[in-house]
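Undergrad:
Residue numbers (the numbering used here): 2 to 607.
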């Protein structure tokens, strides 16, 4: 009877529908297919979908929609199966009858829409296509929490013609009554996973839940916890985000495999003990850490060019111009020695180690709340994640700190006289220190997924505990263009900076370093370091900023060449302007509209 009631209820009888059909729609017991035809969702051009002439009698008969929805590429036969799914889900989980009616019409419209575009989508079955779209996030979520997806295990019968119908309807019914819980997509995945297990365990609905069970026992407790984000203080103002739990905090509970052990009607109770996990640190250190790789790169780029210029300056041919100054690179003139060359390389690696150590300390301060958060026993499974990231961070700090100390000892040895046992080992220790970072850099540039899905992801901030943003890596072809762009820009920057900014300052800096100056003030200066820093400070700031200048110049040159090749803006009189306006739709299609949309248009035209 419930199926007959739903089949007889006309969800489409709205004023707007009545106006469009001139009052043709009325309450009736007709099927969804009949009412679908009355709505005429395909329009007058429906015949052209098949690429035939609608005036051909054979074609007209083949596309005649008088017998149900047979005109939609071979027939729309999902309604009876969807009705069966609605009956089963209504009795099993106690979904509200009105909500089931709404989601029934929702599913049938989505299926009809997919059916009408079946040929445009390469002949993929419309049910399978819609199923892929709806459960795509669920499949990703199962992979993330390392759980096997749960699909409907019931047998097909005369009323159920496709198991995917049951999965679609369960997902839509869960979503339909989820209210604001829809803002937590991984929570929806959890509900679908657990409720499909319940359904597979009772295929004959021998143990049905009472009506409104899903709303009262599942959704209401979860939302009661989420509603705490609206708490206000004594002045009537909303509390700061650090003092209340919001959607992000609750959704992260469902990023852990431990949530699978929680019964679906106990999720709200478990969320009650779930602590706040998302903190937005608003400080200058957050800004520095987010852009640290840029600062780190600028520091090391400048140090590399400075060390190169230093080695050239103390070489026998350092006074020559052009590329000839590099001819004797690796040789030195008195009073310098090869030890000074080694010390310059040690300084370069020492600077890198100190910058990495400083970044690790910033990450430790930034992630302290993650490492020391008081998790209850219900979320104790997050302990391995915290320990893995904490151990990886501790290993990075120990690695960078140890090598920074070793390189400092090498610098101290080289400044004195006598043997240099540690400095002599730099040829081995230097590559050992740099090899992990160089390997990670190359692998990340070539295949980021290798790092993201392996143990080495723990060495990235917060490791692999974040569900979102994992599949945002651009295609390899785009990465090649992107890398080539920056390599060309940095080469230009290196050439100009080396000869314009760094070369004029190196010789004066070495002279100032060896000067014995007497200061009249009480300032104590080691090797006149203050004067040298004041000399190089403007160069450092210009070096950090001039990347934007090179980018602007390169962009202008490339844009000008591209514009000349495309003849952009070349209009010779009113006739050309008029022709250009008439070409706007065609240009829009070729420049903006996606290839998929263009192919769909061709299917409609042919």
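No residue lacks a Cβ here, since even glycine has one placed at the ideal position from N, Cα and C.
A quick note: this is a predicted structure, and the numbers were derived from the prediction, not measured.
Can you tell me which residues form a DSSP beta bridge with residue 239?
TA: For residue 239, which the question treats as bridged, DSSP gives the partners 233.
Undergrad: Which one or two residues does DSSP pair with residue 332 in a beta bridge?
TA: The partner list for residue 332 (beta bridge, DSSP) reads 330.
Undergrad: Taking only the alpha-carbon atoms, compute the straight-line gap between residue 480 and residue 487 and give it to the nearest angstrom.
TA: If I take the Cα positions, the gap works out to 11 Å.
Undergrad: Counting only the same chain and skipping the five closest in sequence on each side, list residues whose C-beta sits under 6 Å from that of residue 51.
TA: Residue placement at residue 51 is flagged as unreliable, the pLDDT there being 33, under the threshold of 50; the coordinate-derived value follows with that caveat. Excluding sequence neighbours, residue 51 sits near nothing in its chain.
Undergrad: Please report how far the alpha carbon of residue 186 lies from the alpha carbon of residue 176, in whole angstroms.
TA: Their backbone Cα atoms lie some 9 Å apart in a straight line.
Undergrad: Judging by CA-CA distance, which residue of 250, 144, 241 is the nearest neighbour of residue 258?
TA: Here the closest residue by C-alpha is 144.
Undergrad: Alpha carbon to alpha carbon, how far is residue 275 from residue 206? Give it in angstroms, no decimals.
TA: Taking the straight line joining both Cα atoms gives about 33 Å.
Undergrad: Helix, strand or coil: how does DSSP classify residue 440 here?
TA: Residue 440 falls in the helix class under three-state DSSP.
Undergrad: Quick check on residue 256: does DSSP put it in helix, strand or coil?
TA: Residue 256: coil per DSSP, three-state reduction.
Undergrad: Please classify residue 592: does DSSP put it in a helix, a strand, or coil?
TA: Reduced to three states, the DSSP call for residue 592 is helix.
Undergrad: What would DSSP say about residue 244, mapped onto helix, strand or coil?
TA: Reduced to three states, the DSSP call for residue 244 is coil.
Undergrad: Thinking C-beta only, is residue 546 closer than 8 Å to residue 528?
TA: No, the Cβ-Cβ distance between residue 528 and residue 546 is not below 8 Å.
Undergrad: Taking its Cβ as the centre, do 16 or more other Cβ atoms sit within 10 Å of residue 503, making it buried, or is it exposed?
TA: By the 10 Å Cβ count, residue 503 comes out buried.
Undergrad: For residue 338, does the three-state DSSP call read helix, strand or coil?
TA: It is coil, neither helix nor strand.
Undergrad: Cα separation between residue 587 and residue 578?
TA: Approximately 15 Å between the Cα atoms of the pair.
Undergrad: Is the beta carbon of residue 484 less than 8 Å from the beta carbon of residue 446?
TA: Contact: yes.
Undergrad: Check each candidate in 265, 213, 277, 183 and name the one with the smallest Cα separation from residue 229.
TA: Looking at the Cα atoms, 277 is the closest of the given residues.
Undergrad: Going by alpha carbons, who is nearest to residue 555 out of 302, 573, 494?
TA: Nearest of 302, 573, 494 to residue 555, Cα basis: 494.
Undergrad: Starting from the C-beta of residue 593, find all residues in its chain whose C-beta is less than 7 Å away, skip the five residues before and the five after it, and write them out in chain order.
TA: Excluding residues within five positions, none has a Cβ falling inside 7 Å.
Undergrad: Please state if the CB of residue 307 and the CB of residue 317 are separated by a distance shorter than 8 Å.
TA: No, the pair does not count as a contact, with Cβ atoms beyond the cut-off.
Undergrad: Just to confirm the assignment, what range does the alpha helix (DSSP H) spanning residue 267 have?
TA: Element bounds for residue 267: n/a, residue is neither H nor E.
Undergrad: Candidates 356, 268, 324, 321: which alpha carbon is nearest residue 295's?
TA: Checking every option, the nearest Cα to that of residue 295 belongs to 356.
Undergrad: Any idea if residue 434 is buried or exposed, counting beta-carbon neighbours within 10 angstroms, 16 or more meaning buried?
TA: Under this definition residue 434 is a buried residue.
Undergrad: Find out if the Cβ-Cβ distance for the pair residue 419, residue 397 is shorter than 8 Å.
TA: Going by C-beta atoms, residue 419 is not nearer than 8 Å to residue 397.
Undergrad: By Cβ distance, which residues of its chain are closer than 8 Å to residue 533, with the 5 residues on each side in sequence left out?
TA: Only 510, 513, 514 meet the Cβ criterion.
Undergrad: Within a Cβ cutoff of 7 Å, which residues of the same chain sit near residue 169, ignoring the five residues on either side of it in sequence?
TA: 108, 131, 132, 135, listed in sequence order.
Undergrad: Please work out which residues of its chain come closer than 7 Å, Cβ to Cβ, to residue 333, disregarding the five sequence neighbours upstream and downstream, and give them in chain order.
TA: Closer than 7 Å at the Cβ level, and outside the excluded window around residue 333, lie 315, 316, 339, 341, 342.
Undergrad: How far does the alpha helix (DSSP H) with residue 132 in it extend, from its first residue to its last?
TA: Here the alpha helix (DSSP H) through residue 132 covers 127 to 145.
Undergrad: Look at the Cβ atom of residue 609, then the Cβ atom of residue 415, and state whether they are nearer than 8 Å.
TA: Missing from the structure shown is residue 609; the chain here goes from 2 to 607 and no further.
Undergrad: If you draw a straight line from the alpha carbon of residue 518 to that of residue 526, how long is it in whole angstroms?
TA: Distance between the alpha carbons of residue 518 and residue 526 is about 9 Å.
Undergrad: Just verifying my parser: in three-state terms, what is the DSSP assignment at residue 617?
TA: Outside the shown range of the chain, which is 2 to 607, sits residue 617, and nothing can be said about it.
Undergrad: Work out the CA separation of residue 449 and residue 223 for me, nearest whole Å.
TA: Residue 223 and residue 449: Cα-Cα distance of roughly 36 Å.
Undergrad: Measure the CB-CB distance between residue 110 and residue 174 and report whether it falls below 8 Å.
TA: Against a cut-off of 8 Å, the Cβ pair of residue 174 and residue 110 comes out as no contact.
Undergrad: Evaluate residue 542 with the Cβ neighbour count: other Cβ atoms within 10 Å of its Cβ, from every protein chain shown; 16 or more gives buried, anything less gives exposed.
TA: So residue 542 ends up on the exposed side.
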